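In our numbering, the protein residues as written are 176 to 359.
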Amino acid sequence: MTIYKYKCTFGVIFGEAIKINKKRYIMKKLVLTVFTVFGCLLFVDAQNISDNAIGLRLGDSDGFGAEISYQRALGDNNRLELDLGWRTGSSFDGYKLTGLYQWVWNIDGGFNWYAGAGGGIGAYDFDAPINDSETFFFVAGNVGIEYDFDIPLILSLDFRPEIAFGDLNDDSDFDIALGIRYQF
Numbered sequence: 176m177t178i179y180k181y182k183c184t185f186g187v188i189f190g191e192a193i194k195i196n197k198k199r200y201i202m203k204k205l206v207l208t209v210f211t212v213f214g215c216l217l218f219v220d221a222q223n224i225s226d227n228a229i230g231l232r233l234g235d236s237d238g239f240g241a242e243i244s245y246q247r248a249l250g251d252n253n254r255l256e257l258d259l260g261w262r263t264g265s266s267f268d269g270y271k272l273t274g275l276y277q278w279v280w281n282i283d284g285g286f287n288w289y290a291g292a293g294g295g296i297g298a299y300d301f302d303a304p305i306n307d308s309e310t311f312f313f314v315a316g317n318v319g320i321e322y323d324f325d326i327p328l329i330l331s332l333d334f335r336p337e338i339a340f341g342d343l344n345d346d347s348d349f350d351i352a353l354g355i356r357y358q359f
C-alpha cells in the first residue's frame, strides 16, 4: 500500500513537473514573440537618412557667418556632420572647424529632429588695435529640426551651444542657424 501511494504521489509530482515545463515553454514562446513584435515595431518607424549631404549652414556663431556643411550617414539613424566656417573682416580673420555626431528621429513624413554632440578647433588672427592671434578648442551640443523634401534637398533649423577653451575665447556661444543641403 505504501508503495502504491508512493507511486501515485510520484506520478502526480512527475505529471505536475510536465505541466510546469509546458507552462515555462509556452511562457518563453510568448515572451520571445512579444519581444520580436516590439523589435519589429521599433524598426518600422526607422527612416533611412541620405548617405551624403553638402550645403551651407547660415548662422552667426561668435562672428563666423556661413559655414560649409557636410553630413555623412553612419547608420540608418545617425550621422557625422562637419562644418567649416571662416570670416575675413577689417579687424580679424578666423576659421572654425566643427565635428558633430548626430542621432536622427523621424517625426512625421519628411520631418525629422536630431540631437548630437561634438567639438572642434578654431583660430583668430586679430589686426590692429589688438594685433594678437589665438587657437582655441571647443565642445558643442546640437539640436534641430529638418525637412527632407522629395527632391534631394534638406532644410534645417538648429541650435548649437558651444563652450570654448582659450585665452581670448573662453566663453559660451549660442548659435541658431538655417541649413540648406543637397543630398547625394
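Glycine included, C-beta positions come from ideal geometry on N, C-alpha and C.
Being a predicted model, the structure only gives us computed values, none of them experimental.
Among N227, T273, I243, nearest to N439 - alpha-carbon criterion:
A question about residue 439 goes unanswered here, because the residues of the chain that appear run from 176 up to 359.
Just confirm the distance between the C-beta atoms of G291 and Y276, as a whole number of angstroms; I'd bet it's less than 8 Å.
5 Å
Judging by CA-CA distance, which residue of I320, W278, F267 is the nearest neighbour of F301?
F267
Residues in its own chain within less than 7 Å of D342 by CB, not counting five upstream and five downstream?
Excluding five sequence positions before and after D342, the CB atoms of its chain that fall closer than 7 Å to its own CB belong to E309, given in chain order.
Under three-state DSSP, which class holds D350?
strand
Return helix, strand or coil for C215, following the three-state DSSP convention.
Here the model assigns C215 a pLDDT of 47, short of 50, so the residue's position is not dependable and the matter cannot be decided.
Name the DSSP bridge partner or partners of N317?
G291
Any idea if V314 is buried or exposed, counting beta-carbon neighbours within 10 angstroms, 16 or more meaning buried?
exposed
Please classify S265 as buried or exposed, where buried requires at least 16 other C-beta atoms within 10 Å of its C-beta.
exposed
Which residue or residues does DSSP assign as beta-bridge partners of N253?
W278
Can you tell which of I229, G240, F334, P336 has the C-alpha that lies nearest to the C-alpha of G260?
G240
Let me know the secondary structure DSSP gives N344 once reduced to three states.
coil
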